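Undergrad: Sharing a structure below in structure tokens format, with a few things to ask.
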Amino acid sequence: MTDPVTDIRPAPPKRRWGLFLPAAALLLLVAVYTVYWFTIAGELREGVEAFAARRDNGLVVSWDDLAITGYPYRIEADFTAPGASAPDAPEEWAWHGEGAAFALLPYNLRHVIVNLEGEQTFSYRDVTASAPARNEARATAAKAWGSYVDVADAPFGRIAIDIEELDARHRRGATGLNDRLTAERLQFHTRAAIDEANGLINGSYDVAIQADGVVLESEEKILALGPNIKQIVAQARLRDLPQTPHVSAIELLREWQRTGGVLSISELIVKWGPLDLAAHGEFKLDARRRLEGQFDAKITGFETLLDAMVRDGLVKEREANVALAGLVLVSQFQGKKTNEVRIPVMMREGLLYLGPLAVARLEPLY
6 MTDPVTDIRP APPKRRWGLF LPAAALLLLV AVYTVYWFTI AGELREGVEA
56 FAARRDNGLV VSWDDLAITG YPYRIEADFT APGASAPDAP EEWAWHGEGA
106 AFALLPYNLR HVIVNLEGEQ TFSYRDVTAS APARNEARAT AAKAWGSYVD
156 VADAPFGRIA IDIEELDARH RRGATGLNDR LTAERLQFHT RAAIDEANGL
206 INGSYDVAIQ ADGVVLESEE KILALGPNIK QIVAQARLRD LPQTPHVSAI
256 ELLREWQRTG GVLSISELIV KWGPLDLAAH GEFKLDARRR LEGQFDAKIT
306 GFETLLDAMV RDGLVKEREA NVALAGLVLV SQFQGKKTNE VRIPVMMREG
356 LLYLGPLAVA RLEPLY
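Structure below.
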């Protein structure tokens, strides 16, 4: 008999589909995402260039160079020497910067993050001057960051601005005077106001502002309060804001005044030199474009503030003493601390009143 032949050849390798398929799927996903990223990046460039060509509402934008970068994590439009201006607006404002970056997240195109780089220059026509004059501000910051989130059904979305270690210089063209402002931090937030059922309130926006460590330097003396602002905090609601787009702050204020717009401040904290104030109230613009309204305020250390106003000639000493005695007496009847007074702060007919004392003149805003 013949012995059976044993096949000693190696068995053919098994197909490792379990490894190949996930790798192929990953490569396909990367390819699809890459196509998506470059498509969106191309549309972004085209959209920016089309917007610049349209000059919507009289807004003129320009730049020296535009690069679309950020793959794969974000889509970023990097502008070299960007600028924007509104030559037909009453204030004829213009802005120029050294650089600016606008970043989009590929999975959320409704959210834009903005970073400004280097020195920023802003100039505008002083509409309150008797003769035509331009003012100019130049500013740098350790960080100048902003965020905009588009909100469905809202005319305007959510804005957040955060600036750290600001150093700004301002020159007034009509007088040639120079001012300087430095700040440890400035923050600004706004969003469309909503009611208790989370429905949008037409024409209303909630606003929050905070400024810390501000120093004002001016060739004109800052009477009574001085140059150092420890903190300003405000929570407010803008009501009856016009729904039409504006590139001019003056035109926006005119329309807001025409519609009877009001700024309601639910919380205001000011710690500025001898002034330590907490208040709430509301104001609007009168027929001559001056602030008009009233606040209920609590002032701590009111006597120190009065001494500073008497020293700088804002109020007469006899009037200050009479006002102080009356306000302290009323506050004690209300059970307040001896160094606190409750006092109405009124803006009426172009004058600012602390209780019965007229302490400053209010000029038209435009």
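Residue 6 is where the sequence shown starts when you use the numbering used here, and the numbers rise one by one after that.
Just so it is clear, CB atoms sit at the ideal spot from N, CA and C, and this is done for glycine as well.
Computed from a predicted model, the values in this text were never measured in an experiment.
#1: By the 10 Å Cβ neighbour count, where 16 or more other Cβ atoms means buried, how is GLN125 classified, buried or exposed?
#2: With distances taken from CA atoms, which of PHE127, VAL117, GLU324, GLU297 is nearest GLY355?
#3: Just how far apart, CA to CA, sit ILE118 and GLU141?
#4: By how many angstroms is the C-alpha of GLY360 removed from the C-alpha of MET351?
#5: Whole angstroms is fine: what's the gap from SER253's alpha carbon to ASP281's?
#6: When burial is assigned at 16 or more other CB atoms within 10 Å of the CB, is PHE56 buried or exposed?
#7: Measure how close the beta-carbons of LEU332 and PHE307 come, nearest whole angstrom, since I'm counting them as under 8 Å.
#8: Have a look at GLU345, GLU322, ASP317, GLY266 and flag the residue whose alpha-carbon is nearest the alpha-carbon of THR305.
#9: Any idea if ARG244 is buried or exposed, counting beta-carbon neighbours within 10 angstroms, 16 or more meaning buried?
#10: Using the Cα positions of GLU170 and ILE237, report the straight-line distance between them to the nearest angstrom.
#11: Would you decide whether ILE206 is buried or exposed? Buried here means 16 or more other CB atoms lie within 10 Å of its CB.
#12: Assuming GLU256 is part of the alpha helix (DSSP H), what are its boundary residues?
#13: Compare the Cα-Cα distances from ARG79 to each of ALA147, ALA91, ALA106 and report the closest residue.
#14: Do LEU310 and ALA229 have their C-beta atoms closer together than 9 Å?
#15: Note the first and the last residue of the continuous alpha helix (DSSP H) segment covering VAL315.
#16: What first and last residue would you give for the beta strand (DSSP E) that runs through LEU121?
#17: For ILE5, write down the residues that DSSP places opposite it in a beta bridge.
#18: Kindly indicate which three-state DSSP category ASN62 falls into: helix, strand or coil?
#19: Across which residues does DSSP place GLU297 in a beta bridge pair?
#20: Measuring CB atoms only, is the region 317-330 touching the region 284-294, in the sense that at least three cross pairs come out at less than 8 Å?
#21: Can you tell me where the beta strand (DSSP E) with HIS1 in it begins and where it stops?
#22: Are there three or more Cβ pairs, one per stretch, closer than 8 Å when the region 156-166 is compared with the region 127-137?
#23: What is the residue span of the beta strand (DSSP E) that THR85 lies within?
#24: Using a 10 Å radius around the Cβ and a threshold of 16 neighbouring Cβ atoms, would you call ASP61 buried or exposed?
#25: By the DSSP assignment, the beta strand (DSSP E) with ARG244 in it spans what residues?
#26: Tell me the rounded alpha-carbon separation between ARG177 and LYS226.
#27: Can you list, in chain order, the residues of its chain whose CB lies under 6 Å from that of PRO373, leaving out five sequence neighbours each side?
#28: Relative to the C-alpha of ALA217, which candidate in TRP277, ILE164, TYR371 has its C-alpha closest?
#29: What residues in its chain sit with their C-beta under 7 Å from that of THR85, if we drop five residues either side in the sequence?
#30: Under 9 Å between the Cβ atoms of HIS116 and TYR153?
#31: So ASP172 and THR187 are supposed to be a Cβ contact under 8 Å. How far apart are they, rounded?
#32: For LEU280, write down the residues that DSSP places opposite it in a beta bridge.
#33: Out of ALA179, ALA108, TRP100, point me to the one whose CA is closest to VAL132's CA.
#34: Identify the continuous beta strand (DSSP E) that holds SER209 and give its terminal residues.
TA: Per the coordinate set shown:
#1: The count along the sequence shown starts at 1 and reaches residue 125 at position 120. Flag for GLN125 reads buried.
#2: Numbered from its first residue, the sequence shown carries residue 355 at position 350. Nearest C-alpha to GLY355: GLU297.
#3: Against the sequence shown, residue 118 aligns to sequence position 113. Against the sequence shown, residue 141 aligns to sequence position 136. When rounded, the distance between both Cα atoms is 26 Å.
#4: What you label residue 351 is simply residue 346 of the sequence shown in a count that begins at 1. What you label residue 360 is simply residue 355 of the sequence shown in a count that begins at 1. Cα-Cα distance, rounded: 8 Å.
#5: Translated into the one-based positions of the sequence shown, residue 253 becomes position 248. Translated into the one-based positions of the sequence shown, residue 281 becomes position 276. Rounded to whole angstroms, SER253 to ASP281 spans 34 Å at the Cα level.
#6: Here the question's residue 56 lines up with position 51 in the sequence shown. That one is exposed.
#7: For the purposes of this step, residue 332 is taken as the residue at position 327 of the sequence shown. For the purposes of this step, residue 307 is taken as the residue at position 302 of the sequence shown. The pair is a contact, with the Cβ atoms about 7 Å apart (cut-off 8 Å).
#8: Position 300 of the sequence shown, counting from 1, holds the residue named residue 305. It is GLU345.
#9: Residue numbering aside, residue 244 sits at position 239 when the sequence shown is read from its first letter. Label assigned to ARG244: buried.
#10: For the purposes of this step, residue 170 is taken as residue 165 along the sequence shown, with counting starting at 1. For the purposes of this step, residue 237 is taken as residue 232 along the sequence shown, with counting starting at 1. So the alpha carbons of these two residues sit roughly 16 Å apart.
#11: For this step, residue 206 is matched to residue 201 along the sequence shown. So ILE206 ends up on the exposed side.
#12: Your numbering for residue 256 matches position 251 in the sequence shown. GLU256 -> alpha helix (DSSP H) spans 254-263.
#13: Along the sequence shown, read from residue 1 onward, the residue named residue 79 stands at position 74. Looking at the Cα atoms, ALA106 is the closest of the given residues.
#14: In the sequence shown, residue 310 corresponds to position 305, counting from 1. In the sequence shown, residue 229 corresponds to position 224, counting from 1. Yes, the Cβ-Cβ distance between LEU310 and ALA229 is below 9 Å.
#15: Residue mapping note: residue 315 aligns to position 310 of the sequence shown, counting from 1. Unbroken alpha helix (DSSP H) run through VAL315: 307-316.
#16: Here residue 121 is taken as the residue at index 116 of the sequence shown, counted from 1. Per DSSP, LEU121 belongs to the beta strand (DSSP E) from 113-130.
#17: Nothing in the structure corresponds to residue 5, since the chain is present only between 6 and 371.
#18: Your numbering for residue 62 matches position 57 in the sequence shown. If DSSP states are grouped into helix, strand and coil, ASN62 belongs with the helices.
#19: Position 292 of the sequence shown, counting from 1, holds the residue named residue 297. DSSP lists LYS289 as partners of GLU297.
#20: no
#21: Residue 1 is absent from the structure shown; the chain starts at 6 and stops at 371.
#22: no
#23: In the sequence shown, the residue the question calls residue 85 occupies position 80. 80-85 is the extent of the beta strand (DSSP E) around THR85.
#24: As a first step, residue 61 is located in the sequence shown; it is residue number 56 there, counting from the start. Flag for ASP61 reads exposed.
#25: The count along the sequence shown starts at 1 and reaches residue 244 at position 239. That run of the beta strand (DSSP E) goes 233-244.
#26: Numbered from 1 along the sequence shown, position 172 holds the residue referred to as residue 177. Numbered from 1 along the sequence shown, position 221 holds the residue referred to as residue 226. Using only the alpha carbons, I get a separation of about 15 Å.
#27: Beyond the ends of the chain as shown, which are 6 and 371, falls residue 373; an answer cannot be given.
#28: Taking the sequence shown and counting its residues from 1, the one referred to as residue 217 is at position 212. Looking at the sequence itself, residue 217 is Asp, so the reference to Ala does not match. Checked all of TRP277, ILE164, TYR371; the closest Cα to ASP217 is TRP277.
#29: Taking the first residue of the sequence shown as position 1, residue 85 is located at position 80. Contacts found: TRP68, ASP69, ASP70, GLY104.
#30: The sequence position of residue 116 within the sequence shown is 111, counting from 1. The sequence position of residue 153 within the sequence shown is 148, counting from 1. Yes, they are a contact pair.
#31: Stepping through the sequence shown from its first residue, residue 172 is reached at position 167. Stepping through the sequence shown from its first residue, residue 187 is reached at position 182. With a Cβ gap of about 5 Å, ASP172 and THR187 count as contacting.
#32: Stepping through the sequence shown from its first residue, residue 280 is reached at position 275. Partner(s): TRP277.
#33: Translated into positions along the sequence shown, residue 132 becomes position 127. It is ALA179.
#34: Within the sequence shown, the letter at position 204 stands for residue 209. Run containing SER209: 205-223, per the beta strand (DSSP E) assignment.
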